[in-house]
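Chemist:
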Amino acid sequence: MHSQVYHLRSLPALQENQKSSPLSSGKLGNVRNAKISTRYLSRRLRALLPLLLLILCFYKSFRIYLTAEIDPTLLEYNALVQQNQSLFNPKDIALDVYNYLIEQQQLQLQLQLSLQLSSLQQQQKQQVSDSTLKIGTDKGIYFHWDDWVDLDIAKQYLTLARSDSSLETQCDASLIKYGKVSGHWLESYNTKINRGAVNLYCLKEIPEKVIVTTDKWLIEIPVIAKRRFGTLKSNQVQSNQLITKLNQINTTSLPQFRSRSTTHLQKKIMIEPEEFIFKPDVEIFALQEKLNNQTISKKELEYLEFLEYSNNHLVDYTDRYFKYPWIYSDIIQGNAHHMAYPFFKRYISDRERQSVLHHMVRAWFQFAETNGFASWINYGSLLGWSFNGVNMPWDTDIDVQMPIAQLDKLGREFNKTLVMENPKYGNARYWLEISPTYIRQGNGKNHIDARFIDIHTGLYIDITALSHTEVPPPAKHNMPDNLSTMLVHCKNWNWHTLDELLPIRHTYFEGASVYIPNKVNQLLTNKYGKGALTDYNVYNHNYQPDISMWVSDRICKEAPKEEVSRFNRWQGLTRAGACNSPKLQDEYKIIRQSIRRHYDLNQDLDSSIYYDIEQLEDLPISRKDSWDYYNDINQGLVHDDDWFVEKTI
Numbered sequence: 089m090h091s092q093v094y095h096l097r098s099l100p101a102l103q104e105n106q107k108s109s110p111l112s113s114g115k116l117g118n119v120r121n122a123k124i125s126t127r128y129l130s131r132r133l134r135a136l137l138p139l140l141l142l143i144l145c146f147y148k149s150f151r152i153y154l155t156a157e158i159d160p161t162l163l164e165y166n167a168l169v170q171q172n173q174s175l176f177n178p179k180d181i182a183l184d185v186y187n188y189l190i191e192q193q194q195l196q197l198q199l200q201l202s203l204q205l206s207s208l209q210q211q212q213k214q215q216v217s218d219s220t221l222k223i224g225t226d227k228g229i230y231f232h233w234d235d236w237v238d239l240d241i242a243k244q245y246l247t248l249a250r251s252d253s254s255l256e257t258q259c260d261a262s263l264i265k266y267g268k269v270s271g272h273w274l275e276s277y278n279t280k281i282n283r284g285a286v287n288l289y290c291l292k293e294i295p296e297k298v299i300v301t302t303d304k305w306l307i308e309i310p311v312i313a314k315r316r317f318g319t320l321k322s323n324q325v326q327s328n329q330l331i332t333k334l335n336q337i338n339t340t341s342l343p344q345f346r347s348r349s350t351t352h353l354q355k356k357i358m359i360e361p362e363e364f365i366f367k368p369d370v371e372i373f374a375l376q377e378k379l380n381n382q383t384i385s386k387k388e389l390e391y392l393e394f395l396e397y398s399n400n401h402l403v404d405y406t407d408r409y410f411k412y413p414w415i416y417s418d419i420i421q422g423n424a425h426h427m428a429y430p431f432f433k434r435y436i437s438d439r440e441r442q443s444v445l446h447h448m449v450r451a452w453f454q455f456a457e458t459n460g461f462a463s464w465i466n467y468g469s470l471l472g473w474s475f476n477g478v479n480m481p482w483d484t485d486i487d488v489q490m491p492i493a494q495l496d497k498l499g500r501e502f503n504k505t506l507v508m509e510n511p512k513y514g515n516a517r518y519w520l521e522i523s524p525t526y527i528r529q530g531n532g533k534n535h536i537d538a539r540f541i542d543i544h545t546g547l548y549i550d551i552t553a554l555s556h557t558e559v560p561p562p563a564k565h566n567m568p569d570n571l572s573t574m575l576v577h578c579k580n581w582n583w584h585t586l587d588e589l590l591p592i593r594h595t596y597f598e599g600a601s602v603y604i605p606n607k608v609n610q611l612l613t614n615k616y617g618k619g620a621l622t623d624y625n626v627y628n629h630n631y632q633p634d635i636s637m638w639v640s641d642r643i644c645k646e647a648p649k650e651e652v653s654r655f656n657r658w659q660g661l662t663r664a665g666a667c668n669s670p671k672l673q674d675e676y677k678i679i680r681q682s683i684r685r686h687y688d689l690n691q692d693l694d695s696s697i698y699y700d701i702e703q704l705e706d707l708p709i710s711r712k713d714s715w716d717y718y719n720d721i722n723q724g725l726v727h728d729d730d731w732f733v734e735k736t737i
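Numbered as in this note's numbering, the sequence shown ends at 737 without a single skipped number.
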């Protein structure tokens with residue numbers, strides 16, 4: 089009890105002692121400081137909270153900006169608007185070129201009429217010369233990219249240069265600097281488009297020749313100089329005008345221009361193994377011997393200089409030769425990664441891309457066969473063919489291979505050539521460019537050796553050369569040492585044996601005659617694995633065997649129930665059978681004939697049934713030309729947005 093009283097009585101003293109104790113004062117001070125710090129931190133947190141929320145919103149918005157898929161309807165709407173605002177018509181320059189050929193033809197005929205009076209002959213010659221002076225001379229035509237590509241989207245940059253009355257189209261230093269920036273420089277969508285247009289106008293090299301495609305001929309017109317002459321017509325040029333002009337061209341009356349008769353593809357081609365061998369050092373040595381003996385020609389000297397420069401200064405040091413446009417918003421999605429800079433004008437919808445590739449593959453194989461070059465589709469394109477005879481709807485290009493020695497010859501004869509599509513089928517122009525790094529492996533940055541580029545969109549065919557080199561193959565590819573199993577590879581280290589590739593075989597892809605490798609099943613299994621031909625769910629698409637089509641999961645993830653009738657009496661898809669999608673109905677109409685032909689001929693992918701190429705012609709063009717598609721809608725010439733068309737070859 090006493091102790092308890094003592095304790096209670098001692099509390100004030102103890103409290104007083106605690107106040108005077110330094111240790112006790114520090115503890116109380118810490119408590120007060122902690123309270124103050126908490127209040128301070130709370131105020132700071134409240135102040136920072138809006139900033140944190142703003143950062144979070146920015147992060148989410150930026151992530152959506154980078155990852156959100158672009159609505160294909162929006163892409164087609166933007167294409168309609170862009171074309172409607174432009175004065176460019178690809179048929180204008182075609183009409184000028186065809187008129188030029190007809191006038192040159194008339195000139196040659198007049199010069200051959202020796203019975204005419206010399207004065208009359210001179211007068212007529214002068215009249216023809218005056219009329220062709222605008223586009224060219226009897227030696228060839230002038231060329232400027234502004235006459236061949238729609239550059240109106242960058243007119244705010246090009247107005248001053250276009251107003252140059254001298255037609256030499258000199259660009260000032262600031263414009264050249266603007267156009268020189270690499271396509272791989274990361275920047276905005278609009279800036280990239282404008283830079284590409286300026287690059288084409290001011291800096292891009294012009295073709296060495298333009299090839300006109302007719303029903304029977306490929307006519308080569310030399311390009312003599314860079315000059316812009318303007319092609320705007322008072323009335324819109326129509327396709328039937330071009331076809332009428334084309335039918336007037338007689339190649340026998342144009343001896344100054346090389347013409348080749350278009351040829352059909354063959355049933356099979358056995359390529360010599362030597363075509364897969366190319367040694368730049370050996371080529372250089374042989375040409376230097378000619379130089380020392382003074383027996384070298386001008387073309388051979390140019391070839392020697394190219395080989396020496398590429399071999400000694402370029403292949404091991406250069407960056408990627410073929411550029412695609414790097415855009416902020418495209419880092420993850422890669423929508424522009426399969427479009428060639430500087431021809432990039434806008435993002436392309438899936439269906440427009442399918443149309444461009446549909447036309448392009450036909451033009452390439454006609455050009456290659458007519459000029460004696462062997463090539464074949466492979467990889468993604470071959471995989472698409474194996475299912476239903478057409479490219480897969482998500483595939484962004486066409487994959488083509490050829491022997492290295494033939495690609496070397498292709499470069500020497502046709503590098504920087506522009507090929508015009510037959511106007512009966514479309515308005516496309518194709519730029520063939522061979523990378524100077526093709527001669528050997530190099531630093532590994534250049535896997536693609538050449539491209540066949542649609543200049544209106546930037547879409548392309550990738551062309552890779554296959555070579556037999558001294559590089560040892562991976563262990564799994566060790567084979568007996570004989571010609572049939574000789575190993576060849578591309579610069580991306582895809583290996584093949586010659587008996588896997590050869591002989592290359594004729595087939596139909598996108599309705600057109602093409603070549604494919606000999607052993608399709610083996611090749612696709614080696615490349616993509618055993619499930620390549622049985623995986624029916626790929627890239628947000630599902631394969632529906634009853635219609636032999638890849639269908640976007642956006643439309644339907646599986647075929648309609650069995651009770652739904654998929655086909656109408658015309659063997660098209662019903663609305664219900666097309667998962668209530670008019671686009672799927674249109675798409676089936678487009679590829680139906682290709683599906684049927686593929687099914688009839690290729691039950692065994694490695695051995696088609698017998699057919700006569702001369703009797704079984706290419707299928708009609710079934711996709712509208714993309715410029716015509718948008719023009720027809722803008723001009724009110726059609727009442728739907730279907731891509732289907734039927735143009736007999």
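Every residue gets a Cβ at the ideal spot worked out from N, C-alpha and C, and that includes glycine.
Bridge partners of H577, per DSSP?
Modeler: Residue mapping note: residue 577 aligns to position 489 of the sequence shown, counting from 1. According to DSSP, H577 bridges with S555, W583.
Chemist: To the nearest angstrom, report how far apart T350 and L704 are at their CA atoms.
Modeler: Here residue 350 refers to the residue found at position 262 when the sequence shown is read from its first residue. Here residue 704 refers to the residue found at position 616 when the sequence shown is read from its first residue. Looking at the two C-alpha atoms, the distance is approximately 17 Å.
Chemist: For the beta strand (DSSP E) containing L520, list its first residue and its last residue.
Modeler: The residue given as residue 520 occupies position 432 in the sequence shown. L520 -> beta strand (DSSP E) spans 517-522.
Chemist: Reducing DSSP to helix, strand and coil, say where K615 ends up.
Modeler: Counting from 1 along the sequence shown, the entry for residue 615 is found at position 527. Note: K615 maps to helix in three-state DSSP.
Chemist: To test your reading of the DSSP string, which unbroken alpha helix (DSSP H) runs of 4 or more residues are found completely within the stretch 311-376?
Modeler: Runs of the alpha helix (DSSP H) inside the stretch 311-376: 327-335.
Chemist: Alpha carbon to alpha carbon, how far is E293 from L621?
Modeler: In the sequence shown, residue 293 corresponds to position 205, counting from 1. In the sequence shown, residue 621 corresponds to position 533, counting from 1. Between E293 and L621, the C-alpha separation is close to 43 Å.
Chemist: Are I551 and S398 closer than 7 Å when you measure CB to CB?
Modeler: As a working note, residue 551 is residue 463 in the sequence shown. As a working note, residue 398 is residue 310 in the sequence shown. It is not a contact, given that the beta carbons lie outside the stated cut-off.
Chemist: Near T561, which residues of its chain fall below 6 Å by C-beta distance, leaving aside the five closest residues on each side in sequence?
Modeler: As a first step, residue 561 is located in the sequence shown; it is residue number 473 there, counting from the start. This sequence places Pro at residue 561; Thr is not what is there. Excluding residues within five positions, the ones whose Cβ falls inside 6 Å are L575, W583.
Chemist: Among the residues of its own chain, which have a CB less than 8 Å from the CB of Y603, if the five just before and after it don't count?
Modeler: In the sequence shown, residue 603 corresponds to position 515, counting from 1. Excluding sequence neighbours, Y603 sits near L353, I357, F453, A462, S463, W464, I465, I592, R593, H594, T595.
Chemist: For the beta strand (DSSP E) that contains I592, what are its first and last residues?
Modeler: As a working note, residue 592 is residue 504 in the sequence shown. 592-597 is the span of the beta strand (DSSP E), which, as asked, contains I592.
Chemist: In whole angstroms, what is the alpha-carbon distance linking S601 and D303?
Modeler: If you number the sequence shown from 1, residue 601 lands on position 513. If you number the sequence shown from 1, residue 303 lands on position 215. Their backbone Cα atoms lie some 16 Å apart in a straight line.
Chemist: Starting from the Cα of K716, find the closest Cα among Q610, H446, Y513 and give me that residue.
Modeler: On the sequence shown, residue 716 is found 628 positions in, with the first residue counted as 1. Correcting the residue identity first, residue 716 is Asp in this sequence and not Lys. Checking every option, the nearest Cα to that of D716 belongs to Y513.
Chemist: My output table needs one value for L725: the three-state DSSP class, helix, strand or coil.
Modeler: The count along the sequence shown starts at 1 and reaches residue 725 at position 637. Reduced to three states, the DSSP call for L725 is coil.
Chemist: For the beta strand (DSSP E) that contains P491, what are its first and last residues?
Modeler: Here residue 491 corresponds to residue number 403 of the sequence shown, with the count starting at 1. 486-491 is the span of the beta strand (DSSP E), which, as asked, contains P491.
Chemist: Grab me the residues of Q215's own chain with a C-beta within less than 8 Å of its C-beta, minus the 5 sequence neighbours each way, in chain order.
Modeler: The residue labelled residue 215 in the question sits at position 127 within the sequence shown. Reliability fails at Q215, whose pLDDT of 45 lies under 50, so the model's placement of it is uncertain and no value is given.
Chemist: Using CA atoms only, rank isn't needed, just tell me which of A451, I190, N187 is closest to Y548.
Modeler: The residue you call residue 548 lines up with position 460 of the sequence shown. For the residues A451, I190, N187, the minimum Cα distance to Y548 belongs to A451.
Chemist: For my contact list, I331 and Y230 are in at a C-beta cut-off of 8 Å; report their separation, rounded to the angstrom.
Modeler: Here residue 331 refers to the residue found at position 243 of the sequence shown. Here residue 230 refers to the residue found at position 142 of the sequence shown. 25 Å between Cβ atoms; not a contact.
Chemist: Would you kindly report the start and end of the unbroken alpha helix (DSSP H) that includes D184?
Modeler: Position 96 of the sequence shown holds residue 184. Where D184 is concerned, the enclosing alpha helix (DSSP H) stretches over 178-200.
Chemist: Bridge partners of D438, per DSSP?
Modeler: By one-based count along the sequence shown, residue 438 stands at place 350. Per DSSP, none; premise fails for D438.
Chemist: What are the residues that DSSP puts in a beta bridge with D550?
Modeler: Counting from one through the sequence shown, the residue named residue 550 turns up at place 462. Paired residue(s): D487, R539.
Chemist: Assuming L395 and P361 are in contact, meaning their beta carbons sit under 8 Å apart, how far apart are those beta carbons, in whole angstroms?
Modeler: The sequence position of residue 395 within the sequence shown is 307, counting from 1. The sequence position of residue 361 within the sequence shown is 273, counting from 1. Not a contact, Cβ separation roughly 22 Å.
Chemist: Under the rule that 16 or more other beta-carbon atoms within 10 Å means buried, what is N510, buried or exposed?
Modeler: Stepping through the sequence shown from its first residue, residue 510 is reached at position 422. Classification for N510: buried.
Chemist: To the nearest whole angstrom, what separates the beta carbons of I541 and E521, a pair I think is in contact under 8 Å?
Modeler: Along the sequence shown, one-based indexing puts residue 541 at 453. Along the sequence shown, one-based indexing puts residue 521 at 433. About 7 Å; that satisfies the 8 Å criterion.
Chemist: Within 10 Å of its beta-carbon, does G224 have 16 or more other beta-carbons around it, so buried, or fewer, so exposed?
Modeler: Residue numbering aside, residue 224 sits at position 136 when the sequence shown is read from its first letter. The residue in question, G224, is buried, as its Cβ has 16 or more Cβ neighbours within 10 Å.
Chemist: With distance defined between alpha-carbon atoms, name the residue in D226, Q659, L263, L306 nearest to K677.
Modeler: Residue numbering aside, residue 677 sits at position 589 when the sequence shown is read from its first letter. Residue Q659 is the option with its Cα nearest to K677.
Chemist: Kindly indicate which three-state DSSP category I229 falls into: helix, strand or coil?
Modeler: Taking the first residue of the sequence shown as 1, we reach residue 229 at position 141. The answer is strand: DSSP assigns I229 an E or B state.
Chemist: Out of D438, T525, E371, K333, state which residue places its alpha-carbon closest to the alpha-carbon of D404.
Modeler: If you number the sequence shown from 1, residue 404 lands on position 316. Answer by Cα proximity: T525.
Chemist: So what does DSSP say about G460, is it helix, strand or coil?
Modeler: The sequence position of residue 460 within the sequence shown is 372, counting from 1. Here G460 sits in coil by DSSP.
Chemist: Here's the rule: buried if 16 or more other CB atoms are within 10 angstroms of the residue's CB, otherwise exposed. What is C145?
Modeler: The count along the sequence shown starts at 1 and reaches residue 145 at position 57. When all chains shown are included, C145 counts as exposed.
Chemist: Please list the terminal residues of the continuous alpha helix (DSSP H) segment that includes T736.
Modeler: Taking the first residue of the sequence shown as position 1, residue 736 is located at position 648. Unbroken run through T736: none, as it is neither H nor E.
Chemist: Determine which residues share a DSSP beta bridge with L661 and list them.
Modeler: As a working mapping, residue 661 is identified with position 573 in the sequence shown. The partner list for L661 (beta bridge, DSSP) reads F655.
Chemist: Would you call the stretch 714-728 and the stretch 163-175 in contact, with 3 or more CB pairs under 8 Å?
Modeler: Yes, they touch.
Chemist: Out of R346, N606, N381, which one is the CA nearest neighbour of T458?
Modeler: Counting from 1 along the sequence shown, the entry for residue 458 is found at position 370. Taking only the C-alpha atoms, the option nearest T458 is R346.
Chemist: Using the C-alpha atoms, what's the distance from R250 back to Q240?
Modeler: Position 152 of the sequence shown holds residue 240. Position 162 of the sequence shown holds residue 250. Here residue 240 is Asp; the residue named in the question, Gln, does not match the sequence. For D240 and R250, the distance between alpha carbons rounds to 11 Å.
Chemist: If contact is defined by three or more beta carbon pairs under 8 Å, each pair taking one atom from either stretch, is the stretch 636-647 in contact with the stretch 493-501?
Modeler: Output reads no: the stretch 636-647 does not touch the stretch 493-501.
Chemist: Measuring straight from C-alpha to C-alpha, what distance separates H401 and Q489?
Modeler: As a first step, residue 401 must be located in the sequence shown, where it is residue number 313. As a first step, residue 489 must be located in the sequence shown, where it is residue number 401. Roughly 26 Å between the two C-alpha positions.
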